[in-house]
Structures are given as structure tokens and as C-alpha cells.
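Position in the sequence shown counted from 1, then plus 67, gives you my numbering. Glycine included, each C-beta is placed from N, C-alpha and C at the ideal position. These numbers were taken from a predicted model, which means no experiment stands behind them.
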Amino acid sequence: MAAYDYYSGWEQETFACDKCGWRGLGAECVQGEMFRDFVERQCPRCPDENLFLLMFPTLDESHANWDKVSPGDKAFVRARESFLQNLKCGC
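Printed below as a string of C-alpha cells:
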């Protein structure tokens, strides 16, 4: 199963389900189970039929793609960086 970086344009990639024959865009796939580093993306017709893995971005990847990051995700990145900085300094 293929793994896609979060900012790779997976939303516009075409995927196919071997089980039911559905074909469509990555944006049409539904969210499956979440893990620490990725989330499964599944066929919208077949429950639990994984089509690809979507890797969560690192902070560096988010900054490298800042123009693609939503306002809510930008707030999350800033909060995460603040949290990590407080851990380092013991504040």
C-alpha cells in the first residue's frame, strides 16, 4: 500500500478499489484508523478497505509548505512549537 506525504497533492490523485471497482480522487476517500504518524484513507464504498496511507506532516514539512497550511493547522503548529520550547527550558 502506498504512503503519501501530507502536502504531496494526494487529494487530486486517482485511486481505485480492488474490492468494488470504485475509482475516484484521494479527496473522496474516507478517513480510516489514525495512528501516531499516519491515517488510513479508505474506499468510500467499502468499509475498512484501505487504499493508501496519509503521513502526518512534521513541523519542518509544515513550515516548508506554509502557504498550503490552513489557519487552524498553523495555530496547531505554533502551539506545538511553544509546547516543545517550554519543555526544553523547563518553563
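Residue burial classification, residue i (beta-carbon count within 10 angstroms, cutoff 16)
i      : result
Glu78  : exposed
Arg108 : buried
Ser149 : exposed
Cys156 : exposed
Coil, strand or helix - residue i by DSSP
i      : result
Asn117 : strand
Phe82  : strand
Gly93  : helix
Cys70  : It is worth fixing the name first, because residue 70 is Ala in this sequence and not Cys. DSSP places Ala70 in strand when its eight states are reduced to three.
Range covered by the alpha helix (DSSP H) that runs through residue i
i      : result
Val144 : 138 to 156
Asp134 : That residue, Asp134, is in no alpha helix (DSSP H); it is neither H nor E in DSSP.
N-terminal and C-terminal residue of the beta strand (DSSP E) that residue i is part of
i      : result
Arg108 : 105 to 109
Integer-rounded CB distance, given that residue j should sit under 8 Å from residue i
i      : j      : result
Arg112 : Leu126 : Not quite, the Cβ-Cβ distance comes to about 35 Å (not below 8 Å), so this is no contact.
**Prompt:** Are there three or more Cβ pairs, one per stretch, closer than 8 Å when the region 119 to 127 is compared with the region 99 to 111?
**Reply:** yes
**Prompt:** Looking at C-beta atoms only, is the number of pairs between the region 69 to 76 and the region 123 to 143 that lie closer than 8 Å three or more?
**Reply:** Output reads yes: the region 123 to 143 touches the region 69 to 76.
**Asked** Between the region 83 to 91 and the region 109 to 116, are three or more C-beta pairs nearer than 8 Å?
**Response** Yes: at least three Cβ pairs fall under 8 Å.
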